[in-house]
Structure formats: structure tokens, C-alpha cells
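Below: the structure, in C-alpha cells.
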Amino acid sequence: MRILVTGVAKSGKSTILRILAELGYRTINVSDLLVESSCVKWNENYQSFDITDKDCAANLVNKTILKCNVNCALETVAYELVDPSYVDLVIIVRRDPMELYEEYNRLKWPCVKIFNNTISEVTGSHVSDVESLFNGKVRQLVFTSNISELRTKVLMAINNDLNEQVDWLVKYSDDERFHSILMSVEGCF
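First residue of the sequence shown: 4, per the working numbering; consecutive thereafter.
Quick look at the structure:
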């Protein structure tokens, strides 16, 4: 089985990848692959790497997936690089946007980067994009810091027994702190 693990930055993808490694999956961090290639360059303003050659990046990622002939899991925010026919399951890691916002601020990320990632998680826009690309293969998993519970969720997702759809706007409709965070990230523009 080939599993793609995706989600916004700091959602818990690496933790899920470690759990999959414990379960015997060969794991691949796509960001590490790309950073070592000539397909990306550092963006000082955004404090992250930009893909400068999408064909180069997609070719590298997909060749790596095809070389994996055992249970394999790869982690990336750049899900659009992955050929949907090369993966059997996509786990989208969802994380409470208030936790994400705190983490982004702790890391002192640029405001626009905080805005993009927080709003993507709040609205679920990345989920819609992933579901349209990987039709029928997508399972949502809401991150928890309880590793035992998280391991159970991963196993359930692999067995097609988990799809934790969450609407943060509904969940936090009456939460003043949530609305304060949204106002704060809106202030980035």
C-alpha cells in the first residue's frame, strides 16, 4: 500500500509518518527530497522553499513513489505533485486552527504564511482540493497529541474505518478566541 500524508504546515504529518514507520511502512519526507534537488529555492520573505520547476519536482516525487515496492508512506504539503494513480490512500491531517495559530506565532512565521495556513485549515480549502484530485482515496484525521489515540486513528484510516470530517467554523461559531484569531490573521492584509 502507498499512502500519501498531507495537510497544512505543522498539522502533524511528521508524527503520522513516524507512526506509519512504526507500523512497518517505508517513509519518505518529500520536502527533504525537494530541498536536496534543483527543483526548489529558498524564499526569504515567506521563510520556506518555493517550487521553481514543477515538472522537475513532480518527476522526482513520482519516480520515488514508483520505486517503493513495499508498504510506503510519503509526507508532503505539495500533494498536487503526486500522480493520483500512484497512491492507494490519502490521509489529510487536520489540526485545530487555534493550536496551529499558536504554533505559527511561536515560530515567528511571517504574517502572510500564518494567514495562508490558518485560513486553509479553517475553511478546509486544501481538503476540497485533495478530494478532487484523489477521488475516493481520502480520509481525514484530526490530530491529537495523544499518540496512542493517534495510532488507533491511523490504523482506522488504513482500514477505511475513519474519516473525521470537521467544520471548524461550526465547531467554534461561538468561541470569542477563535473569532479573535480570525480577525488577527485577516489583519495580515
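Think of the CB as a built atom: it goes at the ideal place given N, C-alpha and C, for glycine as much as any other residue. Treat the numbers as computed from the prediction; the structure is a model and nothing was measured.
S128, enclosing alpha helix (DSSP H) - first and last residue = Element bounds for S128: 128 to 136.
Those residues which DSSP pairs with W112 across a bridge = Beta-bridge pairing by DSSP links W112 to no other residue.
Separation of K16 from V141, as counted between CA atoms | So the alpha carbons of these two residues sit roughly 15 Å apart.
Which of the three DSSP states, helix, strand or coil, is assigned to L77?
-> In this structure, L77 counts as strand in the three-state DSSP scheme.
Compare the Cα-Cα distances from E152 to each of I22, I6, V11 and report the closest residue.
-> It is I22.
Leaving out five residues before and five after S40 in sequence, what residues of the same chain have Cβ atoms less than 8 Å from its Cβ?
-> Setting aside the 5 residues that flank it on each side, S40 is surrounded in the same chain by C59, A60, L63, each with a C-beta closer than 8 Å to its C-beta; the list follows chain order.
Which class does N147 belong to by DSSP, given the choice of helix, strand or coil?
-> Per the sequence presented here, residue 147 reads as Thr, with Asn not at that position. Looking at T147 - three-state DSSP - the assignment turns out to be coil, as it is neither helix nor strand.
Looking at C-alpha atoms only, which residue of V188, F52, T126 is the closest neighbour of V33?
-> Cα-wise, what sits closest to V33 is F52.
Beta-bridge partners of F52, as assigned by DSSP = Beta-bridge pairing by DSSP links F52 to W45.
Determine the DSSP secondary structure at D169, reduced to helix, strand or coil.
-> The amino acid occupying residue 169 in the given sequence is Val; Asp does not appear at that position. Coil.
Alpha-carbon to alpha-carbon, L84 and D56 | Looking at the two C-alpha atoms, the distance is approximately 11 Å.
Identify, in the order they occur along the chain, each residue of the same chain with its Cβ nearer than 8 Å to the Cβ of R180, setting aside the five sequence neighbours on each side.
-> For R180, where only same-chain residues beyond five positions count, the Cβ hits under 8 Å are M101.
Beta carbon of S183, beta carbon of L103: below 9 Å?
-> No.
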